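Undergrad: First to last, the protein sequences are chains A and B. All residue numbers for the first sequence refer to our numbering, where the first residue is 3 and numbers rise by one. All residue numbers for the second sequence refer to our numbering, where the first residue is 3 and numbers rise by one.
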Amino acid sequence: MSDVNGNGKFLVGIFDDDDVVLTAVKDIKKAGVRIHEVYSPFPIHGLDVALGHPRSRLGIAAFLFALSGTTTALLLTAYTESFDWPMIVGGKDSYSPVIYVPVIFELTVLFCALGMVGTFLVSNGLGPTVKPLMYDLRTTDNKFAMAIDLSKNNIGEGDIEQILRKSGAAEVNVKQF
Amino acid sequence: MSHVTSAVRTPLVTGGKTYADVTEDISRQVEGSPTREWTIAFTISVIVLLYGTACVFWTWWEGLGVWGLNKTVGWAWDITNFVWWVGIGHAGTLISAILLLFRQKWRTAVNRAAEAMTIFAVICAATFILMHMGRPWLAYWALPLPNTFGSLWVNFKSPLVWDVFAISTYFTVSLVFWYMGLLPDLATIRDRARSKVSRYIYGAFSLGWNGSAKTWARYEYMSLILAGLSTPLVLSVHTIVSMDFATSVIPGWHTTIFPPYFVAGAIFSGFAMVQNLVLIIRVVFKLEDYITLEHIESMNKVITLTGSIVGVAYLTEFFIAWYSGVEFESYAFINRATGPYWWAYWAMMTCNVITPQLFWSRAIRRSIVWTFTLSVVVNIGMWFERFVIIVTSLHRDYLPSSWAMFHPTLFDISDYIFSFGLFFTLFLLFAKFLPVVNMAEVKTIIKSSSEKLPVSVSGVAKGERVANPTFNKDVE
Numbered sequence: 003m004s005d006v007n008g009n010g011k012f013l014v015g016i017f018d019d020d021d022v023v024l025t026a027v028k029d030i031k032k033a034g035v036r037i038h039e040v041y042s043p044f045p046i047h048g049l050d051v052a053l054g055h056p057r058s059r060l061g062i063a064a065f066l067f068a069l070s071g072t073t074t075a076l077l078l079t080a081y082t083e084s085f086d087w088p089m090i091v092g093g094k095d096s097y098s099p100v101i102y103v104p105v106i107f108e109l110t111v112l113f114c115a116l117g118m119v120g121t122f123l124v125s126n127g128l129g130p131t132v133k134p135l136m137y138d139l140r141t142t143d144n145k146f147a148m149a150i151d152l153s154k155n156n157i158g159e160g161d162i163e164q165i166l167r168k169s170g171a172a173e174v175n176v177k178q179f
Numbered sequence: 003m004s005h006v007t008s009a010v011r012t013p014l015v016t017g018g019k020t021y022a023d024v025t026e027d028i029s030r031q032v033e034g035s036p037t038r039e040w041t042i043a044f045t046i047s048v049i050v051l052l053y054g055t056a057c058v059f060w061t062w063w064e065g066l067g068v069w070g071l072n073k074t075v076g077w078a079w080d081i082t083n084f085v086w087w088v089g090i091g092h093a094g095t096l097i098s099a100i101l102l103l104f105r106q107k108w109r110t111a112v113n114r115a116a117e118a119m120t121i122f123a124v125i126c127a128a129t130f131i132l133m134h135m136g137r138p139w140l141a142y143w144a145l146p147l148p149n150t151f152g153s154l155w156v157n158f159k160s161p162l163v164w165d166v167f168a169i170s171t172y173f174t175v176s177l178v179f180w181y182m183g184l185l186p187d188l189a190t191i192r193d194r195a196r197s198k199v200s201r202y203i204y205g206a207f208s209l210g211w212n213g214s215a216k217t218w219a220r221y222e223y224m225s226l227i228l229a230g231l232s233t234p235l236v237l238s239v240h241t242i243v244s245m246d247f248a249t250s251v252i253p254g255w256h257t258t259i260f261p262p263y264f265v266a267g268a269i270f271s272g273f274a275m276v277q278n279l280v281l282i283i284r285v286v287f288k289l290e291d292y293i294t295l296e297h298i299e300s301m302n303k304v305i306t307l308t309g310s311i312v313g314v315a316y317l318t319e320f321f322i323a324w325y326s327g328v329e330f331e332s333y334a335f336i337n338r339a340t341g342p343y344w345w346a347y348w349a350m351m352t353c354n355v356i357t358p359q360l361f362w363s364r365a366i367r368r369s370i371v372w373t374f375t376l377s378v379v380v381n382i383g384m385w386f387e388r389f390v391i392i393v394t395s396l397h398r399d400y401l402p403s404s405w406a407m408f409h410p411t412l413f414d415i416s417d418y419i420f421s422f423g424l425f426f427t428l429f430l431l432f433a434k435f436l437p438v439v440n441m442a443e444v445k446t447i448i449k450s451s452s453e454k455l456p457v458s459v460s461g462v463a464k465g466e467r468v469a470n471p472t473f474n475k476d477v478e
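#1: Count Cβ pairs between the stretch 126 to 134 of chain B and the stretch 260 to 276 of chain B that sit closer than 8 Å; are there 3 or more?
#2: Only counting runs of 4 or more residues, tell me where the alpha helix (DSSP H) segments fall wholly within the stretch 385 to 435 of chain B, in order along the chain.
#3: Examine chain B for any beta-carbon lying closer than 8 Å to the beta-carbon of G117/A, and answer yes or no.
#4: DSSP three-state label for Q359/B, please.
#5: Once DSSP output is grouped into helix, strand and coil, what is the label at I494/B?
#6: Measure the C-alpha to C-alpha separation of F273/B and L279/B and round it to an integer number of angstroms.
#7: In chain order, what residues of the same chain have a beta carbon less than 6 Å from the beta carbon of V156/B, not counting five sequence neighbours either side?
#8: Using the C-alpha atoms, what's the distance from T427/B back to F420/B?
#9: According to DSSP, simplified to helix, strand and coil, what is Q31/B?
#10: For A93/B and S451/B, what's the separation of their Cα atoms in angstroms?
#11: Do K19/B and I447/B come within 8 Å of each other at the CB atom, strictly closer than that value?
#12: In the stretch 93 to 156 of chain B, which residue ranges form an unbroken alpha helix (DSSP H) of at least 4 residues, counting only runs that do not cross its ends?
#13: Taking the alpha-carbon positions, what's the M301/B to D86/A distance?
#14: If contact is defined by three or more beta carbon pairs under 8 Å, each pair taking one atom from either stretch, is the stretch 385 to 400 of chain B in contact with the stretch 68 to 84 of chain B?
#15: Please name the residue in F158/B, S47/B and R109/B whose C-alpha comes closest to that of I101/A.
#16: Determine the extent of the beta strand (DSSP E) in which K11/A is found, giving its start and end residues.
#17: At 4 residues or longer, and completely inside the stretch 317 to 386 of chain B: list those alpha helix (DSSP H) runs for me, N to C.
#18: Consult DSSP for A168/B and reduce its assignment to one of helix, strand or coil.
#19: Could you give the distance in angstroms between the alpha-carbon of F287/B and the alpha-carbon of E83/A?
#20: For Y202/B, does the three-state DSSP call read helix, strand or coil?
#21: Step through the CB atoms of chain B and report whether any lies within less than 8 Å of the CB of G8/A.
#22: Between which two residues does the beta strand (DSSP E) holding D151/A run?
#23: For K177/A and chain B, any beta-carbon pair shorter than 8 Å?
#24: In chain D, which residues lie less than 8 Å from K94/A when you measure between Cβ atoms?
#25: For the stretch 23 to 74 of chain A, list the beta strand (DSSP E) runs that are entirely contained and at least 3 residues long, ordered along the chain.
#26: Would you kindly check if the distance between the Cβ of M148/A and the Cβ of V51/A is under 8 Å?
#27: At what residues does the beta strand (DSSP E) containing V174/A begin and finish?
#28: I need the DSSP call for V91/A, collapsed to helix, strand or coil.
#29: Could you tell me which uninterrupted beta strand (DSSP E) segments, each at least 3 residues in length, are contained entirely in the stretch 44 to 95 of chain B, listed from first to last along the chain?
#30: So, at 6 Å on beta carbons, what are the nonlocal neighbours of W77/B in its own chain, with the 5 sequence-adjacent residues on each side left out?
#31: For I480/B and K11/A, I'd like the C-alpha separation in whole angstroms.
#32: Relative to the alpha-carbon of N155/A, which residue among F17/A, V105/A, I37/A and D21/A has its alpha-carbon at the smallest distance?
#33: Given a limit of 8 Å on CB to CB distance, which residues of the stretch 36 to 67 of chain A reach chain B?
#34: Under 8 Å by Cβ, that's how I've got G213/B and P43/A pegged, so tell me the actual separation to the nearest angstrom.
#35: Which residues, taken in chain order from the stretch 131 to 153 of chain A, show a beta carbon closer than 7 Å to some beta carbon of chain B?
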């Protein structure tokens, strides 16, 4: 998994509410604890910003893939209709980009969508054979889990547990990977 | 505080559901044994599919002579069915993409089923393309490949080739959009699975999803871009389908209003089909708390709007036929209304223009029986619309000596029935093995659009709806 860096001991705070977990992230970071990651059954807006995750660059990937689609369509139509087998059909020029707008548009969209989704899967380490490391199975149901890598924090386990509980964690578990 | 909403806003999820309830209610049909209703419906669908498949193979074996086509009417039920099914597919993308961009929260309960409908409707449409080729083993000729026997390529100037690009792109992007939307829910089913087999299968299909904040952030970003891509795609697909007709010289086809008119008609019929499916799902799977009268009413409003656009398009066509001063054009339209196919034309007008106007009444708009009935009527009307455009325009061309009538044969009808068997078989398999409502998305609106707040937050008591000056000031 891309989000787990090797083996380690994690403290996992379980929260019941998305608002509580969002506030907790800010409080816990303020207390000097480094949060490994937060897991939730649905997206919590603002959480990635609170955690300090950089803004996704998927948009750039999408643009580049779209551009490759447009280029492919332009080259395909130009090569086939103007060079390889020039044809005049219905009085239209052998090459007139306006006629090829539908093909160019569709290939642009197709390349952009497939390329971006592929990038998304690769960048998140997702794939059919990937075995997810779940900190708590309930995070795909109704709970929110905050994982704290003990090896990356100078604060003691007991203190972190106390901070987690104070921030609203309903339970705190230890998870070893 | 986030998720505060107005007390006057009607809830989109009723029954005071919690996040756990959402998972439980929606996963039930996937995890449990098939219900009696599902088994009966599936058996009927498979029987219809088998009968239809036999007829389709017979059509291919004997050739298209088994259809009622003649030298004048070379396209009839095949292309009618194709355009009708493609149109039905449009509502799914509209609900998932356009309404996502417009931040319409009511889409969350119906988008999954609507997207599935899109995929299956486009598959049904594609079967008619294969069927009308007569020699489906040569279907690859439509792809941009150099001809095996020379260097001739497909004609990129032809709307039929544009169609190949449009439909295949639409299908691929819709499939990807649907599948990406399924990932979080597949992970939920995976983590609840009791048997090894289902844990393995749902595990493989959920691609290792673990719901980390980073993944969710990228996922939302990706969904938004996919929605942004799908929106013009919806418009382009039916615009291009309409160009199959509009770029020809047949009276009644050669018209510039076709693109917007076809798009509106597609959304109109698509929403009607979504209504039919969703109304069945909510009863069979007991999802009345998620697919509420609010959802049904909202979709009926879209049906009323698009139905009215279609009505205006019919009148505009007539006006332009007269105003253009082209006698062939005028004749084509007078012939539609008063010629041998007058019954098809008036069935179309009644079903598409007159009856949907009943939805202006709030009582009818919120009535399950009326909604179901009128949605069926709209779908019948939209089929007749395609039939009228295709057959009535072709059967009276420029040469009166070639005028002819089209009469459907058993194979025309059976091949159409085949598509229903295929559609419902696929849809029922989807409804059994995948969550029909998007659990993750419904959970995001539980607090802001639910009848009750499930959890006490910042001093707000459980079950209390909040109305305060911070209305809609989400922290997000």
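All residues carry an ideal CB built from backbone N, CA and C; glycine is no exception. Values in this document were obtained by computation on a predicted structure and should not be read as measured data.
TA: The relevant details are as follows:
#1: no
#2: 412 to 435
#3: no
#4: helix
#5: Because chain B spans 3 through 478 in this model, residue 494/B falls outside it and cannot be assessed.
#6: 10 Å
#7: P146 and V163
#8: 11 Å
#9: helix
#10: 23 Å
#11: no
#12: 113 to 135
#13: 50 Å
#14: yes
#15: F158/B
#16: K11 to F17
#17: 329 to 340, 344 to 351 and 364 to 367
#18: helix
#19: 54 Å
#20: helix
#21: Any reading at G8/A is ruled out, since the residue's pLDDT is 49, under 50, leaving its predicted position unreliable.
#22: F146 to D151
#23: no
#24: Of the protein chains in the structure, A and B, none is chain D.
#25: 39 to 41
#26: no
#27: E173 to Q178
#28: strand
#29: none
#30: I392
#31: Residue 480/B is absent from the structure shown; chain B starts at 3 and stops at 478.
#32: I37/A
#33: E39, V40, Y41, S42, P43, F44, P45, I46, H47, G48, L49, D50, L53, H55, S58, L60, G61 and A64
#34: 6 Å
#35: V132, K133, P134, L135, M136, L139, T141, T142, D143 and N144
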